[in-house]
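Undergrad: Here it is: the structure, laid out below.
2 protein chains.
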Amino acid sequence: MAARALTSPRKRASQERSRATVDALVEATARILVRDGFDRASTNRIAQEAGVSIGSLYQYFPGKEALVVAVIERHNREIMQVARAAVVEAEGLPLEVAARGIIAAAIEAHRVDPRLHRVLAEQTPRTGALESVEAFNSEAFRLFRAYLERHRDELRHVDLDLAAFVCVTSIEALTHTAVLHRPEVLSDEAVGTLVDEATRLVVGYLRPSAPVTTPTSVALIR
Amino acid sequence: MAARALTSPRKRASQERSRATVDALVEATARILVRDGFDRASTNRIAQEAGVSIGSLYQYFPGKEALVVAVIERHNREIMQVARAAVVEAEGLPLEVAARGIIAAAIEAHRVDPRLHRVLAEQTPRTGALESVEAFNSEAFRLFRAYLERHRDELRHVDLDLAAFVCVTSIEALTHTAVLHRPEVLSDEAVGTLVDEATRLVVGYLRPSAPVTTPTSVALIR
DNA sequence: GGATAATACGAGCGATCGCTCGTATTATGT
DNA sequence: ACATAATACGAGCGATCGCTCGTATTATCC
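The listed protein sequences derive, respectively, from chains P and S.
Here my numbering is used: position 4 in the first sequence is 4, and no number is missing along the way.
Here my numbering is used: position 170 in the second sequence is 392, and no number is missing along the way.
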């Protein structure tokens with residue numbers, strides 16, 4: 001058993017008819033993930049939900065994992081579209097306003113099919129082919145790092161890689177956790193406060209003006 | 223199938239012999255999770271690994287989920303012990319030093335059986351009984367909030383709930399992501415830098431001295 | 001319109017899973 | 001010592017899973 005970890009379609013869908021079949025399968029996978037959860041998403045069930053025979057499913061996907069990968073990639077494409085737009089829009093703006101816009105966009109991005117997002121985040125094992133799909137994070141990282149690079153003069157002297165890592169990770173975690181576990185801070189009245197706080201967090205971190213504090217106890221760990 | 227979601231042992235282990243059996247099962251579950259991953263951890267396999275019959279397993283655990291819950295709870299107890307100690311030690315110290323210690327401890331905590339931590343984070347579905355086990359996070363939240371409360375005078379005026387949420391979420395994410403995806407920033411030379419940056423992040427956020435910026439565009443979202 | 005390629009179908013095999021239940025073994029109390 | 005309770009055992013049932021393969025249908029090309 002085990003160990004067949006193919007991810008790409010076995011067959012390229014060339015005719016119109018088959019492209020529809022593939023779409024129906026990906027669509028059905030997403031629906032089932034949301035409605036029934038990851039474990040209950042068997043290939044048989046997916047084929048049935050899609051109105052497609054199990055044989056046809058295996059003509060285009062080598063297994064459940066490949067279907068989930070397809071769903072994730074589609075979801076990520078949609079999310080990154082929002083993020084990219086935000087960074088482009090932020091380009092000309094001063095640091096704080098830019099950060100604010102990007103953070104607001106991060107929240108907005110997490111609202112693209114949040115139920116699917118939840119299933120993918122909470123139930124989908126990051127194993128096999130699924131683990132590499134986190135190219136998503138590194139794309140966000142590159143995007144933000146590029147912004148920092150172009151606005152280096154507004155920043156304190158800092159390793160851009162590290163700074164981008166700190167900012168992206170924090171923003172991601174804040175919006176992610178808020179969406180999944182803190183719906184109350186996302187009410188129309190409260191969401192502004194959250195954006196304010198997150199903005200203060202990263203701007204205070206990036207700004208040169210921050211009070212330079214004695215980096216004493218460096219060897220506290222290890 | 224489905225829907226039996228018991229979590230607590232069916233039988234309390236009263237004699238010494240049975241307590242050993244339960245321990246062996248939990249221990250075996252952790253080993254298998256690490257070695258083979260979540261999906262391959264079947265009850266049959268766990269029983270075999272523990273050197274215990276499948277019948278005995280079901281005398282004490284209603285299913286796989288309960289076993290995993292037991293493993294998670296044990297792991298969380300170990301981690302929170304580190305965190306609690308750090309907060310206690312931070313009590314008398316000024317904000318920055320305290321934050322530094324807590325962050326260093328957060329990294330240290332993530333080093334308690336990191337391979338198990340990875341499996342639990344990446345493969346274990348947060349579903350059924352597993353979702354409530356995230357009481358872990360809320361415990362960390364309470365702990366940190368209590369510290370903030372006792373040091374309110376060193377802070378800018380801020381909603382403590384919100385501030386604790388922002389700090390805990392960020393620190394958690396930074397250490398978590400670093401341990402799981404950025405081993406290079408945890409080398410003995412680099413880890414100090416990471417602690418420095420994380421400290422600057424939260425201290426700059428909590429300090430009153432931070433340059434108060436005009437909270438303009440509040441309605442950027444929605 | 002006939003040949004060939006592309007696509008769709010679904011019964012069903014073999015493997016694994018979670019779990020029960022009847023039985024055997026060991027500890028406890030008197 | 002014996003009776004009773006606690007614990008341990010594991011064969012095997014029923015359900016589900018992933019997946020193949022022989023066949024039927026539909027599109028494409030000349």
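Ideal Cβ positions, reconstructed from N, Cα and C, are used throughout, including at glycine.
(1) Where does the unbroken alpha helix (DSSP H) through Val-339 (chain S) begin, and where does it stop?
(2) By the three-class DSSP mapping on this structure, what secondary structure does Arg-241 (chain S) have?
(3) Judging by CA-CA distance, which residue of P:Arg-142, P:Ser-56, P:Arg-17, P:Ala-90 is the nearest neighbour of Ala-163 (chain P)?
(4) Output yes if chain P places a C-beta closer than 8 Å to the C-beta of Ala-395 (chain S); else output no.
(5) For the alpha helix (DSSP H) containing Ala-412 (chain S), name the first residue and the last one.
(6) How would you write the range of the alpha helix (DSSP H) that Phe-38 (chain P) sits in, first residue to last?
(7) Name the chain P residues that come within less than 8 Å of Arg-348 (chain S), Cβ to Cβ?
(8) Roughly how many whole angstroms lie between the Cα atoms of Arg-241 (chain S) and Gly-273 (chain S)?
(9) Return yes when the Cβ of Ala-109 (chain P) is within less than 8 Å of the Cβ of Ala-83 (chain P), no when it is not.
(10) Taking the CB atoms as reference points, tell me whether Ala-243 (chain S) and Val-290 (chain S) lie closer together than 8 Å.
(11) For Thr-29 (chain P) versus Ala-47 (chain P), is the C-beta distance shorter than 8 Å?
(12) At the level of alpha carbons, what is the spacing between Pro-336 (chain S) and Met-302 (chain S)?
(13) I want to see whether chain S comes within less than 8 Å of Tyr-224 (chain P), judged by CB atoms only; does it?
(14) Leu-201 (chain P) and Leu-95 (chain P) - do their beta-carbons sit closer together than 8 Å?
(15) What separation, rounded to the nearest whole angstrom, lies between the Cα atoms of Glu-454 (chain S) and Leu-57 (chain P)?
(16) Cα separation between Val-34 (chain P) and Arg-118 (chain P)?
(17) Tell me which residue opens and which closes the alpha helix (DSSP H) that Ala-265 (chain S) is part of.
(18) Using DSSP with H/G/I as helix, E/B as strand and the rest coil, what is Phe-136 (chain P)?
(19) Taking the Cβ atom as the reference point for each residue, do Arg-150 (chain P) and Pro-208 (chain P) lie within a distance shorter than 8 Å?
(20) Can you tell me the Cα-Cα spacing of Glu-197 (chain P) and Asp-161 (chain P), whole angstroms?
(21) How long is the line joining the alpha carbons of Thr-127 (chain P) and Glu-344 (chain S), rounded to whole angstroms?
(22) Determine the burial state of Asn-44 (chain P): buried for a count of at least 16 other Cβ atoms within 10 Å of its Cβ, exposed for fewer.
(23) At least one CB of chain P closer than 8 Å to the CB of Leu-423 (chain S): is that the case?
(24) Determine the chain P residues that contact Leu-384 (chain S) at a beta-carbon separation under 8 Å, and present them in chain order.
(25) Do Ala-129 (chain P) and Glu-65 (chain P) have their beta-carbon atoms positioned less than 8 Å apart in this structure?
(26) Name the chain S residues whose beta carbon is nearer than 9 Å to that of Thr-177 (chain P)?
(27) Going by the CB atoms, is the gap between Tyr-147 (chain P) and Val-97 (chain P) shorter than 8 Å?
(28) Classify Glu-27 (chain P) as helix, strand or coil using the three-state DSSP reduction.
(29) So, at 7 Å on beta carbons, what are the nonlocal neighbours of Arg-322 (chain S) in its own chain, with the 5 sequence-adjacent residues on each side left out?
(30) Taking its Cβ as the centre, do 16 or more other Cβ atoms sit within 10 Å of Glu-172 (chain P), making it buried, or is it exposed?
(31) When you compare the CB of Phe-363 (chain S) with every CB in chain P, is at least one pair closer than 8 Å?
(32) Return the CA-CA distance between Asp-245 (chain S) and Asp-39 (chain P), expressed in angstroms with no decimal places.
(33) Measuring only the C-alpha atoms, how far is Arg-296 (chain S) from Ala-357 (chain S)?
(34) What does the Cβ neighbour count give for Gly-426 (chain S), buried or exposed, with the cut at 16 atoms within 10 Å?
(35) Hey, out of S:Phe-283, S:Ile-254, S:Glu-313, whose CA is closest to Arg-374 (chain S)'s CA?
(36) Is Ala-283 (chain S) helix, strand or coil when you go by DSSP?
TA: The relevant details are as follows:
(1) The sequence shown places His at residue 339 (chain S), not Val. First-last of the alpha helix (DSSP H) with His-339 (chain S): 336-344.
(2) Of the three classes helix, strand and coil, the one that applies to Arg-241 (chain S) here is helix, per DSSP.
(3) P:Arg-142
(4) yes
(5) Boundaries cannot be given for Ala-412 (chain S), as no alpha helix (DSSP H) includes it and DSSP labels it neither H nor E.
(6) From DSSP, Phe-38 (chain P) is part of no alpha helix (DSSP H); its letter is neither H nor E.
(7) Glu-122, Gln-123
(8) 14 Å
(9) yes
(10) A quick correction: the sequence has Thr, not Ala, at residue 243 (chain S). No, these two residues do not count as a Cβ contact at 8 Å.
(11) no
(12) 15 Å
(13) The structure shown does not extend to residue 224 (chain P), since chain P spans only 1 to 222, so no value can be given for it.
(14) no
(15) Here chain S comprises residues numbered 223 to 444, so residue 454 (chain S) is not present and cannot be evaluated.
(16) 8 Å
(17) As written in the sequence, residue 265 (chain S) is Thr, which differs from the Ala given in the question. Residues 265-272.
(18) Three-state result, Phe-136 (chain P): helix.
(19) no
(20) Near 23 Å, if we compare the C-alpha coordinates of Asp-161 (chain P) and Glu-197 (chain P).
(21) 8 Å
(22) Exposed.
(23) yes
(24) Residues of chain P passing the Cβ test: Val-185, Thr-193, Leu-194, Glu-197.
(25) yes
(26) Asn-359, Phe-387, Thr-391, Glu-394, Ala-395
(27) no
(28) helix
(29) Val-417, Thr-421
(30) buried
(31) no
(32) 28 Å
(33) 13 Å
(34) buried
(35) S:Glu-313
(36) Just to set this straight, residue 283 (chain S) is Phe in the shown sequence, not Ala. Phe-283 (chain S): coil per DSSP, three-state reduction.
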